[in-house]
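Residue numbers (my numbering), protein chains in the order written: chain Z, 271 to 614; chain A, 1227 to 1552.
In what follows, a structure is listed as structure tokens, so that the remarks can point back to it.
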């Protein structure tokens, strides 16, 4: 006797239940325990089960169990995945090429070209001797303990992904700032991207693309890291002073002139803060990306965890921290120079 | 009146449980649950037998091979570690066993686990030459010129890396793809089999994917124990070619547990699942989209002839009702 028998008898559905009764649900552990201790499963009001799919299935075998829902989702996805991947595969292919190219580039260029090049970029962006020394020491240190290849792989992946995030995120942010409807539609998606556990969309992605494609982890990183640059671009443009816009209108500026001549330059500090956050969040995804075969420091962290090689885990984890500090300080230095230029 | 009856009913439910606990003085036992399907079934069956048959309070600890062994080494907890694949436990376990901290109770799967390099059966039927490694080396394009390797940190990774070097996979035009995690390895196999595409890679059984998909083991030649032992060392200078021997999978307990609970240790030494039965249970689990607990119930209600021999006299009495069902 199941608790909700009365529902089906009251509705006169008993015949339907008996006629369409599929396979009985697999016996649960609780039922077996009850059977072994020889007690009839009596339910007091305290133990009244919620009328869930499983509880209703117990009363009426024709009623689907909740596992039918998850199974249905799975089959549904497997059925549509071919058509999805026909569309998505070519669109995302450039991502694979860029990642492959960047990884090939850093690994096949000698260190005595790559390291000075990094230092040159740091100098051009920040013009700070202190920062330059810090970066030189950190990169030199990583190379000295033979983590150079891993660190450069990670750096290459982050750079490609962060570049694409900015390339896609800034226009989306601008569009959001110009249309309230677009904003209302985008914000829930951004919230979801930030909170959805990455593995939930990683496994379907493996079914869509081949596991050997670098775009698999590229997409995972971009989906997670693109959020702050979109949010802060939108915020930055919306925060531009009304009076400045009025002045621009008074000069007879077109919308396009207003956007690129007034709004974007004034929002630049905010946009740069978004870029900084985007880079940080891509670094946070490095270890998860390694679970879908991204090379770099993340692999070493995973090796440390799986083998309990504490030293490897700690050193590679610290390597990621060092990369994060470098990228953070460099982008912040760039941000400060922009701020200073605007004030002056 | 209604209130009173509720209280009575609650009392009636609670009373037998309490009586049960008093009759056997077993106390608390902790057992690991590894994160793969067969281990979860084993743990679930073992906990049921210990709770219902021996009146213990069982706490299940979710773990993984190396963390579990390390935890036993450092803290002497949990009491029982089951589905321990000896080929991936490393030196720590041997040291523990030699130091007498851990006692091997017995094989949990008979004849042990199957490891190897696999191709889908439809591929093997279409191109029978792919059933041996020589055939694959000659026709790399038939297996998509790719070998799906184990993730970093698995025992099989070292062996497969050495085999790949000894067979010169890369030199024969087969790219070695290092999976980032077990999920990636399983998904790539599932994806290929669903699409009937070529696939060539490492896998092991008894597992859900090997129960679900029809795979053929690639013949790597004879099993040479000395070569295999050499291949298990990451820094070996002369890797050789040897197929994977059957992997011993055991239940181990702390030596303190053996002293405190001789009856349960007896149960753990007797607890041996036939690998073929485990494959059946896993296939059933997948067909019915069932949980590990439900799969354990399926085993308990369908294979009484197997597990009744593991029990002591008194436990058999306690579990009479489940035993009689079969």
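Here a beta-carbon is modelled for each residue, glycine too, at the ideal position from N, C-alpha and C.
On a predicted model such as this, the values are computed, not experimentally measured, just so you know.
Report the rounded CA-to-CA distance for residue i versus residue j, giving the unit in angstroms.
| i | j | result |
| --- | --- | --- |
| residue 1458 of chain A | residue 1542 of chain A | 42 Å |
| residue 299 of chain Z | residue 1530 of chain A | 16 Å |
| residue 513 of chain Z | residue 497 of chain Z | 29 Å |
| residue 390 of chain Z | residue 1327 of chain A | 58 Å |
| residue 1494 of chain A | residue 1487 of chain A | 11 Å |
| residue 1333 of chain A | residue 485 of chain Z | 43 Å |
| residue 1514 of chain A | residue 1315 of chain A | 33 Å |
| residue 606 of chain Z | residue 551 of chain Z | 21 Å |
| residue 1252 of chain A | residue 1282 of chain A | 5 Å |
| residue 613 of chain Z | residue 544 of chain Z | 20 Å |
| residue 1510 of chain A | residue 1265 of chain A | 15 Å |
| residue 346 of chain Z | residue 1423 of chain A | 21 Å |
| residue 1437 of chain A | residue 1500 of chain A | 14 Å |
| residue 566 of chain Z | residue 590 of chain Z | 10 Å |
| residue 1465 of chain A | residue 1482 of chain A | 40 Å |
| residue 1361 of chain A | residue 320 of chain Z | 59 Å |
| residue 1420 of chain A | residue 1435 of chain A | 12 Å |
| residue 509 of chain Z | residue 392 of chain Z | 30 Å |
| residue 380 of chain Z | residue 410 of chain Z | 14 Å |
| residue 1248 of chain A | residue 1279 of chain A | Below a pLDDT of 50, predicted positions are generally treated as unreliable, and residue 1248 of chain A, at 40, falls in that range; the measurement from the model is reported next regardless. The alpha-carbon atoms of residue 1248 of chain A and residue 1279 of chain A are separated by roughly 13 Å. |
| residue 1535 of chain A | residue 1496 of chain A | 8 Å |
| residue 1295 of chain A | residue 458 of chain Z | 45 Å |
| residue 471 of chain Z | residue 324 of chain Z | 27 Å |
| residue 317 of chain Z | residue 273 of chain Z | 10 Å |
| residue 284 of chain Z | residue 463 of chain Z | 45 Å |
| residue 1370 of chain A | residue 1418 of chain A | 11 Å |
If I follow the unbroken beta strand (DSSP E) through residue i, where does it start and stop?
| i | result |
| --- | --- |
| residue 1372 of chain A | 1372 to 1375 |
| residue 1475 of chain A | 1475 to 1480 |
| residue 1333 of chain A | 1328 to 1333 |
| residue 1285 of chain A | 1283 to 1288 |
| residue 606 of chain Z | Segment 580 to 613 is the alpha helix (DSSP H) holding residue 606 of chain Z; no beta strand (DSSP E) there. |
| residue 1403 of chain A | 1401 to 1404 |
| residue 1310 of chain A | 1306 to 1311 |
| residue 1427 of chain A | 1427 to 1431 |
In its own chain, which residues sit with a C-beta less than 6 Å from the C-beta of residue i, not counting the 5 before and 5 after it?
| i | result |
| --- | --- |
| residue 1376 of chain A | 1382, 1383, 1386, 1428 |
| residue 1344 of chain A | 1429, 1441, 1443 |
| residue 352 of chain Z | none |
| residue 443 of chain Z | 500, 503, 504 |
| residue 1287 of chain A | 1256, 1258, 1304 |
| residue 275 of chain Z | 329 |
| residue 1270 of chain A | 1518, 1519, 1522 |
| residue 548 of chain Z | 432, 435, 495, 498, 499 |
| residue 1390 of chain A | 1402 |
| residue 447 of chain Z | 504, 507, 508 |
Using a threshold of 8 Å, state whether the C-beta atoms of residue i and residue j are closer than that.
| i | j | result |
| --- | --- | --- |
| residue 540 of chain Z | residue 602 of chain Z | no |
| residue 405 of chain Z | residue 388 of chain Z | yes |
| residue 426 of chain Z | residue 372 of chain Z | yes |
| residue 430 of chain Z | residue 487 of chain Z | no |
| residue 1305 of chain A | residue 1256 of chain A | yes |
| residue 333 of chain Z | residue 343 of chain Z | no |
| residue 476 of chain Z | residue 1410 of chain A | yes |
| residue 564 of chain Z | residue 1408 of chain A | no |
| residue 1311 of chain A | residue 1339 of chain A | yes |
| residue 365 of chain Z | residue 489 of chain Z | yes |
| residue 1268 of chain A | residue 1330 of chain A | no |
| residue 608 of chain Z | residue 536 of chain Z | no |
Please report the residue range of the alpha helix (DSSP H) in which residue i lies.
| i | result |
| --- | --- |
| residue 1450 of chain A | Element bounds for residue 1450 of chain A: n/a, residue is neither H nor E. |
| residue 447 of chain Z | 418 to 448 |
| residue 1494 of chain A | 1488 to 1496 |
| residue 1359 of chain A | 1359 to 1364 |
| residue 1421 of chain A | 1408 to 1421 |
| residue 1504 of chain A | 1501 to 1513 |
| residue 1292 of chain A | 1291 to 1301 |
| residue 1255 of chain A | Here residue 1255 of chain A belongs to no alpha helix (DSSP H); instead the beta strand (DSSP E) covers 1254 to 1259. |
If I measure Cβ to Cβ from residue i and keep anything under 8 Å in the same chain, skipping five residues before and after, which residues do I get?
| i | result |
| --- | --- |
| residue 438 of chain Z | 492, 496 |
| residue 1462 of chain A | 1388, 1456 |
| residue 1414 of chain A | 1374, 1405, 1425, 1427 |
| residue 542 of chain Z | 601, 604, 605, 608 |
If I measure Cβ to Cβ from residue i and keep anything under 7 Å in the same chain, skipping five residues before and after, which residues do I get?
| i | result |
| --- | --- |
| residue 368 of chain Z | 430 |
| residue 1540 of chain A | none |
| residue 407 of chain Z | none |
**OP:** Would you list, in sequence order, the uninterrupted beta strand (DSSP E) runs of no fewer than 3 residues that lie entirely inside the segment 488 to 565 of chain Z?
**Re:** none
**OP:** Note down, one range per segment and in chain order, each alpha helix (DSSP H) of at least 4 residues found wholly within the segment 371 to 421 of chain Z.
**Re:** 381 to 396, 399 to 414
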